[in-house]
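In the numbering used here, the protein residues as written are 7 to 111. Here's the structure, in C-alpha coordinates; my notes come after.
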Amino acid sequence: GTVAGWGYNGTHSGVRTNELHKLTIPILSHEDCVQTLHFNNIKPNMLCAGDLNGGRDACYSDSGGPLIVTFGNKNVVVGIVAWGRGCGRKNLPGVYTRVSSNFDN
7 GTVAGWGYNG THSGVRTNEL HKLTIPILSH EDCVQTLHFN NIKPNMLCAG
57 DLNGGRDACY SDSGGPLIVT FGNKNVVVGI VAWGRGCGRK NLPGVYTRVS
107 SNFDN
(Lines of atoms letter the chains of each structure in order from A and count residues from 1; the text may use other names and numbers.)
(Lines give C-alpha, C1' and ligand atoms only; values in the text may rest on other atoms or scores of the structure.)
Protein backbone atom coordinates (compact mmCIF):
# COMPACT_ATOMS: atom_id res chain seq x y z
CA GLY A 1 0.00 0.00 0.00
CA THR A 2 0.94 3.66 -0.15
CA VAL A 3 0.82 5.86 2.93
CA ALA A 4 0.83 9.65 2.61
CA GLY A 5 1.34 12.36 5.20
CA TRP A 6 2.83 15.61 6.37
CA GLY A 7 4.57 14.08 9.39
CA TYR A 8 8.13 13.82 10.59
CA ASN A 9 10.87 12.20 8.54
CA GLY A 10 11.97 9.95 11.41
CA THR A 11 11.61 9.30 15.11
CA HIS A 12 14.62 11.39 16.06
CA SER A 13 14.79 13.80 13.11
CA GLY A 14 12.76 16.58 14.71
CA VAL A 15 12.01 17.73 11.17
CA ARG A 16 8.43 17.99 9.99
CA THR A 17 7.99 18.17 6.25
CA ASN A 18 6.51 21.13 4.38
CA GLU A 19 5.47 18.91 1.50
CA LEU A 20 3.28 15.86 1.25
CA HIS A 21 5.31 12.66 1.32
CA LYS A 22 4.23 9.24 0.14
CA LEU A 23 5.79 5.88 0.74
CA THR A 24 5.03 2.37 -0.48
CA ILE A 25 4.98 -0.13 2.38
CA PRO A 26 3.90 -3.75 2.74
CA ILE A 27 0.58 -4.53 4.44
CA LEU A 28 0.72 -7.46 6.85
CA SER A 29 -1.93 -10.15 7.12
CA HIS A 30 -4.07 -9.84 10.24
CA GLU A 31 -2.42 -12.99 11.65
CA ASP A 32 1.09 -11.57 11.13
CA CYS A 33 -0.02 -8.27 12.66
CA VAL A 34 -1.35 -10.00 15.79
CA GLN A 35 1.77 -12.17 16.08
CA THR A 36 4.18 -9.27 15.53
CA LEU A 37 2.42 -6.88 17.92
CA HIS A 38 1.09 -9.52 20.34
CA PHE A 39 1.46 -7.17 23.32
CA ASN A 40 -0.90 -4.55 21.85
CA ASN A 41 -4.19 -6.51 21.64
CA ILE A 42 -4.68 -5.97 17.90
CA LYS A 43 -8.40 -6.01 17.05
CA PRO A 44 -10.12 -7.03 13.77
CA ASN A 45 -10.76 -3.35 12.99
CA MET A 46 -7.00 -2.71 12.82
CA LEU A 47 -4.34 -3.55 10.26
CA CYS A 48 -0.57 -3.29 10.24
CA ALA A 49 1.71 -1.94 7.54
CA GLY A 50 5.39 -1.20 7.39
CA ASP A 51 8.73 -2.77 6.58
CA LEU A 52 9.54 -5.33 9.30
CA ASN A 53 13.24 -4.80 8.52
CA GLY A 54 12.78 -1.19 9.66
CA GLY A 55 13.16 2.14 7.93
CA ARG A 56 9.82 2.51 6.10
CA ASP A 57 6.75 3.55 8.08
CA ALA A 58 4.36 6.38 8.81
CA CYS A 59 5.62 8.68 11.58
CA TYR A 60 4.54 11.32 14.08
CA SER A 61 1.94 13.78 12.72
CA ASP A 62 0.93 11.37 9.93
CA SER A 63 -2.06 10.21 12.03
CA GLY A 64 -5.33 10.45 10.14
CA GLY A 65 -3.60 10.06 6.79
CA PRO A 66 -4.56 7.43 4.21
CA LEU A 67 -3.17 4.00 3.43
CA ILE A 68 -4.08 3.46 -0.21
CA VAL A 69 -4.11 0.31 -2.34
CA THR A 70 -4.60 0.35 -6.11
CA PHE A 71 -7.12 -2.17 -7.44
CA GLY A 72 -7.06 -2.12 -11.24
CA ASN A 73 -7.22 1.58 -12.07
CA LYS A 74 -8.84 2.65 -8.78
CA ASN A 75 -7.11 3.90 -5.65
CA VAL A 76 -8.91 2.71 -2.52
CA VAL A 77 -8.30 3.92 1.04
CA VAL A 78 -7.96 0.73 3.07
CA GLY A 79 -6.51 2.19 6.26
CA ILE A 80 -6.12 5.36 8.29
CA VAL A 81 -2.85 5.98 10.15
CA ALA A 82 -3.59 5.41 13.85
CA TRP A 83 -0.49 4.71 15.95
CA GLY A 84 2.86 3.00 16.19
CA ARG A 85 5.73 2.35 18.56
CA GLY A 86 8.22 4.81 17.16
CA CYS A 87 8.74 5.16 13.42
CA GLY A 88 10.28 2.63 11.09
CA ARG A 89 11.51 0.37 13.88
CA LYS A 90 12.39 -3.24 13.10
CA ASN A 91 9.51 -5.66 13.77
CA LEU A 92 7.21 -2.79 14.86
CA PRO A 93 4.89 -1.97 11.94
CA GLY A 94 2.47 0.93 12.09
CA VAL A 95 -1.13 0.31 13.11
CA TYR A 96 -4.02 1.60 11.00
CA THR A 97 -7.79 1.70 11.35
CA ARG A 98 -9.19 -0.84 8.88
CA VAL A 99 -11.63 1.24 6.81
CA SER A 100 -13.71 -1.76 5.70
CA SER A 101 -14.55 -2.57 9.33
CA ASN A 102 -16.64 0.60 9.47
CA PHE A 103 -19.06 -0.46 6.73
CA ASP A 104 -22.11 -2.65 7.17
CA ASN A 105 -21.98 -5.90 5.23
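We put the beta carbon where it would ideally sit given N, CA and C, even for glycine.
DSSP places Val75 in no alpha helix (DSSP H) but in the uninterrupted beta strand (DSSP E) bounded by 72-77.
The Cβ atoms of Leu58 and His36 do not sit closer than 8 Å to each other.
Nearest to Thr103 by C-alpha distance, out of Val83, Gly92, Asn97, Lys96, is Val83.
According to the DSSP assignment, His36 belongs to the alpha helix (DSSP H) that extends over 36-42.
Inter-residue distance for Thr30 and Phe45 is about 26 Å (C-alpha atoms, whole angstroms).
Thr8 is bridged by DSSP to Thr30, Ile74. Beta-bridge pairing by DSSP links Ile48 to no other residue.
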